[in-house]
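A.B. asks: The structure is given below, and queries will be raised subsequently.
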Amino acid sequence: MATHIDQSYWHSRSLAGLRVIVTGAARGVGKGVTAALLERGAAVLMVDRDPAVAEVAESFGADGRAAPLVTDLCDRSSYRHIVDEAVQVLGGIDALINNAIATNEPKPFTDITGEDFDLVFDTGPRATLFLMQAAYPVLKAGGGGSIVNFGSGSGTAGQKTFGAYAGAKEAIRGISKVAALEWGRDNIRVNVVCPFAQSDGVAGWSEEFPDVYNKIVKGIPLRRIGDTHADIGPMVAFLVSPDASYLTAQTIHVDGGMGMYR
556 MATHIDQSYW
566 HSRSLAGLRV
576 IVTGAARGVG
586 KGVTAALLER
596 GAAVLMVDRD
606 PAVAEVAESF
616 GADGRAAPLV
626 TDLCDRSSYR
636 HIVDEAVQVL
646 GGIDALINNA
656 IATNEPKPFT
666 DITGEDFDLV
676 FDTGPRATLF
686 LMQAAYPVLK
696 AGGGGSIVNF
706 GSGSGTAGQK
716 TFGAYAGAKE
726 AIRGISKVAA
736 LEWGRDNIRV
746 NVVCPFAQSD
756 GVAGWSEEFP
766 DVYNKIVKGI
776 PLRRIGDTHA
786 DIGPMVAFLV
796 SPDASYLTAQ
806 TIHVDGGMGM
816 YR
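Shown next as structure tokens:
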């Protein structure tokens with residue numbers, strides 16, 4: 556289904572001219588974030604292993620500012636390829652959004668296999684780290700930029716039957732903080748967003764476990780599941796904008812108050 560892009564959207568800080576890479580952009584949070592960036596004027600390289608990313612990019616109708624790239628983040632040669640493509644197609648890189656991660660079936664901690672672990676760590680923290688490394692020289696040469704990585708409440712608070720996924724998400728937070736400390740001198744900011752939104756995964760989970768889903772929604776202070784475009788996208792847009800130029804090494808939960816951390 557096409558996502559509407561409001562071409563008349565007004566914002567005090569336009570992102571016109573900003574060049575952004577978004578991974579996992581064909582659906583869910585990545586698609587919603589891409590939509591928010593495009594409607595603020597940014598140009599986006601939409602990276603996904605699903606060939607449908609080309610149709611999604613076309614559906615945005617963003618005057619050619621949405622460029623698709625089909626590649627598999629499990630392929631270690633893909634990181635340099637993504638960066639090279641961004642430089643060629645967008646003319647450079649100002650921001651990197653590491654959203655993609657594969658998920659596995661929920662299972663008890665004692666049943667987690669090496670294959671489960673490898674899947675989420677290869678597509679999550681490993682891909683995040685090496686894509687950050689590949690983008691670093693371009694960001695530094697351009698005078699700095701912003702990196703937004705995605706964590707999860709499954710990691711920060713813990714979630715039963717999601718041991719491998721929670722571990723992968725916390726690994727992403729760890730490497731994000733280290734990069735923020737080391738790259739701050741290059742004016743490269745690194746922050747983490749932990750969302751809770753109506754992605755394809757959440758939709759499937761709600762259908763399979765409706766009672767649990769409804770109980771969780773009732774426990775959210777705002778009493779609703781977030782929208783990837785309207786709720787998560789604007790936070791990412793803020794983090795890559797000049798308005799967030801003094802914000803780095805932070806984890807921001809965009810979850811309707813579901814996780815209250817002190």
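So the sequence shown is numbered by my numbering: it starts at 556 and just counts up by one. The C-beta atom is built at its ideal place from N, Cα and C for all residues, glycine as well.
Looking at the structure shown, is Trp751 part of a helix, part of a strand, or coil, going by DSSP?
C.D. replies: Position 196 of the sequence shown, counted from the first residue, corresponds to residue 751. Residue identity differs from the one stated: residue 751 is Phe in this sequence, not Trp. Note: Phe751 maps to coil in three-state DSSP.
A.B. asks: Taking C-alpha atoms, which residue in Glu594, Phe615, Ala690 lies nearest to Val745?
C.D. replies: On the sequence shown, position 190 is the one that residue 745 refers to. Here the closest residue by C-alpha is Ala690.
A.B. asks: Using 8 angstroms as the cut-off, can you tell me whether the region 570-577 makes contact with the region 644-663, which would need three or more C-beta pairs spanning the two stretches below that distance?
C.D. replies: yes
A.B. asks: Taking the beta strand (DSSP E) that Leu624 falls in, what are its first and last residues?
C.D. replies: Start at 1 with the first residue of the sequence shown, and residue 624 comes out as number 69. Counting along the chain, the beta strand (DSSP E) containing Leu624 begins and ends at 621-625.
A.B. asks: So, is Ser632 buried or exposed, given that buried needs 16 or more other C-beta atoms within 10 angstroms?
C.D. replies: Along the sequence shown, one-based indexing puts residue 632 at 77. With fewer than 16 other Cβ atoms within 10 Å, it is exposed.
A.B. asks: Identify whether Met601 lies in helix, strand or coil by the three-state DSSP scheme.
C.D. replies: Working through the sequence shown from its first residue, we reach residue 601 at position 46. It is a strand residue.
A.B. asks: Pick helix, strand or coil for Gly729, following the three-state DSSP scheme.
C.D. replies: As a first step, residue 729 is located in the sequence shown; it is residue number 174 there, counting from the start. It is helical.
A.B. asks: Sorted by chain position, which residues of the same chain lie with C-beta nearer than 7 angstroms to Arg817's C-beta, five sequence neighbours on each side aside?
C.D. replies: Translated into the one-based positions of the sequence shown, residue 817 becomes position 262. Residue placement at Arg817 is poorly supported in this model, since its pLDDT is 48, which falls under 50; the coordinates are not used for a value here.
A.B. asks: Per the DSSP calculation, Ile702 is bridged to which residue(s)?
C.D. replies: Here residue 702 is taken as the residue at index 147 of the sequence shown, counted from 1. In the DSSP output, where bridge partners are listed per residue, Ile702 has Leu651, Val745.
A.B. asks: Is it the case that the Cβ atoms of Gly811 and Phe764 are separated by a distance below 8 angstroms?
C.D. replies: For this step, residue 811 is matched to residue 256 along the sequence shown. For this step, residue 764 is matched to residue 209 along the sequence shown. Not a contact, by the Cβ cut-off of 8 angstroms.
A.B. asks: I'd like to check one pair, Val772 with Ile780: are the Cβ atoms closer than 8 angstroms?
C.D. replies: As a first step, residue 780 is located in the sequence shown; it is residue number 225 there, counting from the start. As a first step, residue 772 is located in the sequence shown; it is residue number 217 there, counting from the start. Against a cut-off of 8 angstroms, the Cβ pair of Val772 and Ile780 comes out as a contact.
A.B. asks: What's the call for Ile727, buried or exposed, on a 16-neighbour Cβ count within 10 Å?
C.D. replies: Start at 1 with the first residue of the sequence shown, and residue 727 comes out as number 172. By the neighbour-count rule (16 or more Cβ atoms within 10 Å), Ile727 is buried.
A.B. asks: Keeping to the same chain, check which residues put their C-beta closer than 7 angstroms to that of Pro661; ignore five residues upstream and five downstream.
C.D. replies: Translated into the one-based positions of the sequence shown, residue 661 becomes position 106. Around Pro661: Thr716, Phe717.
A.B. asks: How about Pro680 and Ala723: do their beta carbons lie closer than 8 angstroms?
C.D. replies: Position 125 of the sequence shown, counted from the first residue, corresponds to residue 680. Position 168 of the sequence shown, counted from the first residue, corresponds to residue 723. Yes. Within cutoff.
A.B. asks: Does DSSP put Thr711 in a helix, a strand or coil?
C.D. replies: By one-based count along the sequence shown, residue 711 stands at place 156. Three-state DSSP puts Thr711 in a helix.
A.B. asks: For Arg574, write down the residues that DSSP places opposite it in a beta bridge.
C.D. replies: Here residue 574 is taken as the residue at index 19 of the sequence shown, counted from 1. BP columns for Arg574 point to Ala598.
A.B. asks: Under 8 angstroms, do Met813 and Gly774 count as touching if we go by C-beta distance?
C.D. replies: As a working note, residue 813 is residue 258 in the sequence shown. As a working note, residue 774 is residue 219 in the sequence shown. Contact: yes.
A.B. asks: Who does Ile807 pair with in a DSSP beta bridge?
C.D. replies: Position 252 of the sequence shown, counted from the start, is the residue given in the question as residue 807. Assignment of beta-bridge partners to Ile807 by DSSP yields Val748.
A.B. asks: What residues in its chain sit with their C-beta under 7 angstroms from that of His784, if we drop five residues either side in the sequence?
C.D. replies: Taking the first residue of the sequence shown as position 1, residue 784 is located at position 229. Correct list, in chain order: Thr558, Gly587, Ala590, Ala591.
A.B. asks: In three-state terms, what does DSSP make of Gly739?
C.D. replies: Along the sequence shown, one-based indexing puts residue 739 at 184. Of the three classes helix, strand and coil, the one that applies to Gly739 here is helix, per DSSP.
A.B. asks: Below 7 angstroms CB to CB, which residues in the same chain sit around Ser569 once its five sequence neighbours on both sides are set aside?
C.D. replies: Within the sequence shown, numbered from 1, the residue matching residue 569 stands at position 14. Excluding residues within five positions, the ones whose Cβ falls inside 7 angstroms are Arg595, Gly596.
A.B. asks: Taking its Cβ as the centre, do 16 or more other Cβ atoms sit within 10 Å of Asn769, making it buried, or is it exposed?
C.D. replies: Along the sequence shown, one-based indexing puts residue 769 at 214. The residue is exposed, with fewer than 16 neighbouring Cβ atoms inside 10 Å.
A.B. asks: Check Gly756 in the structure and name its three-state DSSP category.
C.D. replies: Translated into positions along the sequence shown, residue 756 becomes position 201. Gly756 falls in the helix class under three-state DSSP.
A.B. asks: Is the CB-CB distance between Ala641 and Leu593 below 8 angstroms?
C.D. replies: The sequence position of residue 641 within the sequence shown is 86, counting from 1. The sequence position of residue 593 within the sequence shown is 38, counting from 1. Not in contact: Ala641 and Leu593 (Cβ atoms no closer than 8 angstroms).
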